[in-house]
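Peer 1:
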Amino acid sequence: MMTGETSPLDLVGIRATIRRALQERPVRARGAEIEELTGTLREQLELMLTHAQVRADELNRGTLAWDRWQALIDQVRADLDDSGATPGVAYLEVLARGARFLADCLDE
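Quick note on the working numbering: the sequence shown kicks off at 314 and runs consecutively.
See the structure below:
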């Protein structure tokens with residue numbers, strides 16, 4: 314791998330995690346599952362942020378496209394920083410929705 318390159322993303326695996334996090338459940342998820350999914354999503358979001366930043370850096374700063382990518386990056390970073398302020402399941406859902414939107418954008 315050359316300097317500056319990013320490893321490929323496993324968007325299929327990321328989407329599987331997102332589906333697990335957002336699935337309707339007859340019974341509330343247990344703490345261990347919430348922690349595991351939250352940790353996995355946090356790792357996946359960090360990887361996706363690297364790819365998103367590469368995309369943004371390829372654009373002319375101040376253009377509409379650059380502004381959109383940067384807004385998305387900033388929102389996901391803010392969500393990642395919000396771990397203590399939002400309770401477990403709600404935080405998991407916030408991360409999963411951000412991951413879903415970021416994965417869709419990266420897949421374009």
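Ideal placement from N, C-alpha and C gives every residue a C-beta, glycine not left out.
1) Using a Cβ-Cβ cutoff of less than 8 Å, which residues in the same chain neighbour E337 once the five nearest sequence positions on both sides are dropped?
2) Taking the beta carbon of L415 as the centre, do at least 16 other beta carbons fall within 10 Å, making it buried, or is it exposed?
3) How big is the Cα-Cα spacing for H364 and L335?
4) With 16 as the cutoff for other CB atoms within 10 Å, does T351 come out buried or exposed?
5) Can you tell me the Cα-Cα spacing of R381 and Y404, whole angstroms?
Peer 2: This is what the structure gives:
1) Non-local beta-carbon contacts of E337 in its own chain, meaning distances under 8 Å to residues more than five positions away in sequence, are absent.
2) When all chains shown are included, L415 counts as buried.
3) Cα to Cα, H364 sits roughly 23 Å from L335.
4) Around the beta carbon of T351, 16 or more other beta carbons sit within 10 angstroms, so the residue counts as buried.
5) When rounded, the distance between both Cα atoms is 23 Å.
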